[in-house]
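Asks: The number in the UniProt record's numbering is simply the position in the sequence shown, starting from 1, with 33 added.
What follows is a single structure, and I will ask about it in a moment.
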Amino acid sequence: TVGGSVAEPKVAATADPLLLSAIRGDKVERPPVWLMRQAGRYMKSYQQICEKYPSFRERSENVDLVVEISLQPWKVFKPDGVILFSDILTPLPGMNIPFDIVKGKGPVIYNPLRTAADVNEVVEFVPEEWVPYVGEALGILQTEVNNEAAVLGFVGAPFTLASYVVEGGSSKHFTKIKSLAFSQPQVLHSLLQKFTTSMAKYIQYQADHGAQAVQIFDSWATELSPVDFEEFSLPYLKQIVDTVRQTHPNLPLILYASGSGGLLERLPLTGVDVVSLDWTVDMAEGRKRLGSDIAVQGNVDPGVLFGSKEFISGRIHDTIRKAGDRKHILNLGHGIVVGTPEENVAHFFEVARGFRY
Ligand code: CP3
C-alpha cells in the first residue's frame, strides 16, 4: 500500500454489546470486561440478601431474587457482561439428582451416583418444566441491561457435573469418579452422555430466553490427564457445541477449565468461540498456543484484587497488552474470591473501562 500504511478496519457501527463485537473479531476500542462470580459473597448487598434468604437454592431459584442478585454488580460496576445468578448444579433436580449448597461445606449430592443402576435413574432435563425461572430471569435481564452489556448464561460441562454427582460434592483427589472411569468406563460414559444431551438443550433454552453468549464451565476437567480428557471430556464438549450450532449458529460459546495450561491446544478442538484462561498461563503464550482464530478471555489472578490500586492497574494493562488488540475479553483467571475489597473491584472496572487500545 502507498506509504506502507495498512488501512485499519473502522470501529464497527453496531448496536451489539461490546462483548459480542470483540468475540466476532471486530475492531473495538477496548476489551470488554466482566468477572467470573461477579455476583456473590464479596458484595455487602449480596450478604444482606443472604441474611434474609439463607437458602442458596431459594436465592438462585426465585425469579425476583435471581434478577436482583444478577443486577447487583451491573448497577455498581457496569461490567460488559451480566451473568445470570445461578449454579452449574441448578439443573440437577430436573434430572432426578437432588442437591443442596451447605454453608461452610459447599455442594452436597445426597445420593451420589456410583453404579449402572444409579445412572439409569437419571432422566433428561426439560428446562421449561424444571427451571422456568431461569428463562423468565434471562428475559428480564435482557430488558434491564438493554444491550448496554451482554447477558451471559452458563452451564456445567458433563465431566465437571459428573464429578460432583459421583463424588457426592467437592473433591480433592477425585477418587470415586476415577474409580468409575478406570474400572467401569461405560457407566461413566452413559452418565456423561445424559449430561451432554441435557446441557445442550439447556444452552438452547437459555439462548431462546435472552442469553446472548453462554459459558461452559469444565472446572475440573484438568484433573484428567490429557489422554483421559480426550476420552471423558473433549468428545462431549464437542458434541454440545455441534448440537447448539445446529439451532443457534451465531451464539458465542465460551469454555473455561481451571488449570488448563497442559491442555490448551486441545481446547479449540471443542469448536468454542472463546477459551477462558486461568492465571497460571502467560496470556501472550496462551494466545500463541491457541491460535489467532479463537478469542481469549482472562486471565488476571483473582489474588491481584487484594493488591494495591497501582498493582491492579499494572496487571490489567499487562494482560491487555499480552492479549493483543482483537478478540480479548478481560476477566479474572477464576472466580472472584470471597473477601475481595469491593473498592478494588470498582477500581478494576474503572481502569479496564478507561483503557483504549
Ligand atoms: O459468576 C456469577 O456471578 C454467577 C454465579 C455462579 C455461581 N456458581 C454462584 C454461586 C456461577 C457461574 C457458578 C458456577 C459454579 N458452581 C462452578 C463453576 C465455576 C468455578 O468456580 O469453577 C462450580 C464448580 C460450582 C459449584 C459450586 N457452587 C461451588 C464449588 C460452590 C462454592 C461452595 C462454597 O461454599 O464456597 C457453589 C456455591 C455457589 N454458587 C456460591 C455462589 C455465589 C457460594 C454460596 C453462596 O453464595 O451462598
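We treat Cβ as the ideally placed atom computed from N, Cα and C, and that holds for glycine.
Bear in mind that the values here come from a model prediction, so they are computed numbers and not experimental data.
#1: Measuring straight from C-alpha to C-alpha, what distance separates Y75 and V370?
#2: For G357, name the three-state secondary structure that DSSP assigns.
#3: Is the beta carbon of L117 less than 9 Å from the beta carbon of Q239?
#4: Count the C-beta pairs between the segment 55-72 and the segment 105-120 that are closer than 8 Å, then say yes if the count reaches three, no if not.
#5: Taking the Cβ atom as the reference point for each residue, do D251 and Y197 lie within a distance shorter than 9 Å?
#6: Per DSSP, A289 is paired with what?
#7: Grab the span of the alpha helix (DSSP H) containing P268 for me, first residue to last.
#8: Look at V314 and V274 and say whether their C-beta atoms are less than 9 Å apart.
#9: Can you tell me whether G366 sits near the ligand CP3, meaning its C-beta is under 8 Å from at least one heavy atom of the ligand?
#10: Grab the span of the beta strand (DSSP E) containing F158 for me, first residue to last.
#11: One question on the structure: do N283 and L338 come within less than 9 Å of each other, judged by their Cβ atoms?
#12: Contact criterion: CB-CB distance below 9 Å. Does M232 meet it with respect to chain D?
#13: Please indicate yes or no: does the CB of M69 lie closer than 8 Å to some heavy atom of the ligand CP3?
#14: Can you give me the Cβ contacts of V164 inside the same chain, cut-off strictly under 7 Å, excluding the 5 residues immediately before and after it?
#15: Look up V66 in the DSSP assignment and give the residues it is bridged to.
#16: Just reading off the beta strand (DSSP E) that P140 is part of, what are its end residues?
#17: CB L185 to CB A244, shorter than 9 Å?
#18: Let me make sure I understand the geometry here. Which of G58, D59, A48, V66 has the alpha-carbon closest to that of A385?
#19: Which residues share a DSSP beta bridge with L185?
#20: In whole angstroms, what is the alpha-carbon distance linking I327 and H242?
#21: Quick one: what's got a C-beta closer than 6 Å to K227's C-beta in the same chain, skipping five residues either side?
#22: How many angstroms separate the CA atom of Y390 from the CA atom of D334?
Replies: Concretely, from the data shown:
#1: The residue labelled residue 75 in the question sits at position 42 within the sequence shown. The residue labelled residue 370 in the question sits at position 337 within the sequence shown. Approximately 7 Å between the Cα atoms of the pair.
#2: If you number the sequence shown from 1, residue 357 lands on position 324. If DSSP states are grouped into helix, strand and coil, G357 belongs with coil.
#3: Taking the sequence shown and counting its residues from 1, the one referred to as residue 117 is at position 84. Taking the sequence shown and counting its residues from 1, the one referred to as residue 239 is at position 206. A contact, by the Cβ cut-off of 9 Å.
#4: yes
#5: Position 218 of the sequence shown, counted from the start, is the residue given in the question as residue 251. Position 164 of the sequence shown, counted from the start, is the residue given in the question as residue 197. No.
#6: Here the question's residue 289 lines up with position 256 in the sequence shown. One point to set straight first is that residue 289 is Tyr, not Ala, in the sequence displayed. In DSSP, Y289 forms a bridge with F250, S309.
#7: The residue labelled residue 268 in the question sits at position 235 within the sequence shown. P268 -> alpha helix (DSSP H) spans 267-280.
#8: Here residue 314 refers to the residue found at position 281 of the sequence shown. Here residue 274 refers to the residue found at position 241 of the sequence shown. Their beta carbons are not under 9 Å apart, which means V314 does not touch V274 by this criterion.
#9: If you number the sequence shown from 1, residue 366 lands on position 333. It does not: the Cβ of G366 is nowhere closer than 8 Å to a heavy atom of the ligand CP3.
#10: By 1-based counting over the sequence shown, the position of residue 158 is 125. Neither: F158 is in no beta strand (DSSP E) and is coded neither H nor E.
#11: By 1-based counting over the sequence shown, the position of residue 283 is 250. By 1-based counting over the sequence shown, the position of residue 338 is 305. No, they are not a contact pair.
#12: Absent here is chain D; the protein component of the structure consists of one chain.
#13: Taking the first residue of the sequence shown as 1, we reach residue 69 at position 36. Yes; taking the cut-off as 8 Å, the Cβ of M69 has a heavy atom of the ligand CP3 nearer than that.
#14: Numbered from its first residue, the sequence shown carries residue 164 at position 131. These residues qualify, in order along the chain: T123, P124, G127.
#15: Looking up residue 66 in the sequence shown gives position 33. Per DSSP, L363.
#16: One-based indexing of the sequence shown puts residue 140 at position 107. Looking at the DSSP string, the run of the beta strand (DSSP E) that includes P140 is 139-142.
#17: Reading the sequence shown from its first residue, position 152 is the one you call residue 185. Reading the sequence shown from its first residue, position 211 is the one you call residue 244. Contact flag set, yes.
#18: As a first step, residue 385 is located in the sequence shown; it is residue number 352 there, counting from the start. When only C-alpha atoms are compared, the closest one is V66.
#19: Counted from its first residue, the sequence shown places residue 185 at position 152. Paired residue(s): I116, A246.
#20: Along the sequence shown, one-based indexing puts residue 327 at 294. Along the sequence shown, one-based indexing puts residue 242 at 209. Using only the alpha carbons, I get a separation of about 26 Å.
#21: Start at 1 with the first residue of the sequence shown, and residue 227 comes out as number 194. Closer than 6 Å at Cβ, skipping near neighbours: V155.
#22: Taking the sequence shown and counting its residues from 1, one reaches residue 390 at position 357. Taking the sequence shown and counting its residues from 1, one reaches residue 334 at position 301. Those two C-alpha atoms are separated by around 22 Å.
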